[in-house]
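**Student:** First the structure, then my questions, so here it is.
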Amino acid sequence: GDAPHQGLVAEVDPLEDMWLGDLLQQGEGDQRPLLVLDQVTDPHNVGAIMRSAAAFDALGIVTPDRHAPPESGTIARAASGALEIVPWVRVVNLARALEEIAEAGFWRVGLTGEATQTLTQAMGTQRVALVLGAEGEGMRQNTASHCDELARLPISHKVESLNVSNAAAIALYAVASR
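The sequence shown begins at 1210 in this note's numbering and counts up one residue at a time.
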């Protein structure tokens, strides 16, 4: 490829695929948040989100299989090692996955600038699945309808929105500090 190799070559095993049910079972009995990304396609954003997920000890990241970037050198570089730490589950149907996430005891909070309540007001004390929408378009209506609450980050009205990776980091911090 076109990636700088800096004179090193490593032979590594491919990352193992993980199923949503297995991930949810791993997190039983703890408060680690889950991240659900609705059609976030920019590999730099996904990598940065993965790094924040590792920093705040998230249970994992769930994305649709079709509208997410492939595991690549770009994601790996942006994730700075987190690709090997944070489980990444790809699902065929995000709405169905959100139902399964709710059945596992997660409160599904979708982040959107149009919400009236803030994330702090919406998340309560239970396990949280943070749902974030795509760059530009935001969260799809069907995804939003599968959230228990919609919430916003308390940012200035002078700024329309934050980059999805910044929003994810701030939301993970909010969950960790409650």
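Backbone N, C-alpha and C define an ideal beta-carbon position, used for all residues, glycine too.
Glu1312 by DSSP, collapsed to three states: which one?
**Tutor:** In the sequence shown, counting from the first residue as 1, residue 1312 sits at position 103. Helix.
**Student:** Quick one: is Trp1297 buried, meaning 16 or more other Cβ sit within 10 Å of its Cβ, or exposed?
**Tutor:** To locate residue 1297, count along the sequence shown from 1; it is residue 88. Its Cβ being crowded by 16 or more others within 10 Å, Trp1297 is buried.
**Student:** On the DSSP bridge list, what partners appear for Arg1317?
**Tutor:** Position 108 of the sequence shown, counted from the first residue, corresponds to residue 1317. Residue pairing for Arg1317: DSSP places it in a beta bridge opposite Ala1338.
**Student:** For Leu1246 and Gly1342, what's the separation of their Cα atoms in angstroms?
**Tutor:** Residue mapping note: residue 1246 aligns to position 37 of the sequence shown, counting from 1. Residue mapping note: residue 1342 aligns to position 133 of the sequence shown, counting from 1. Going by the C-alpha atoms only, they are around 6 angstroms apart.
**Student:** Using a threshold of 8 angstroms, state whether the C-beta atoms of Leu1229 and Glu1309 are closer than that.
**Tutor:** As a position in the sequence shown, residue 1229 is number 20, starting the count at 1. As a position in the sequence shown, residue 1309 is number 100, starting the count at 1. Taking 8 angstroms as the Cβ cut-off, Leu1229 and Glu1309 qualify as a contacting pair.
**Student:** CB-CB under 8 angstroms to Glu1369, same chain, minus the five flanking residues each way: which ones, in chain order?
**Tutor:** Sequence index remark: in the sequence shown, residue 1369 carries index 160 (1-based). Same-chain partners within the cutoff: Gly1322.
**Student:** Does the beta-carbon of Arg1260 have 16 or more other beta-carbons within 10 angstroms, so that it is buried, or is it exposed?
**Tutor:** Translated into the one-based positions of the sequence shown, residue 1260 becomes position 51. The residue is buried, with at least 16 neighbouring Cβ atoms inside 10 Å.
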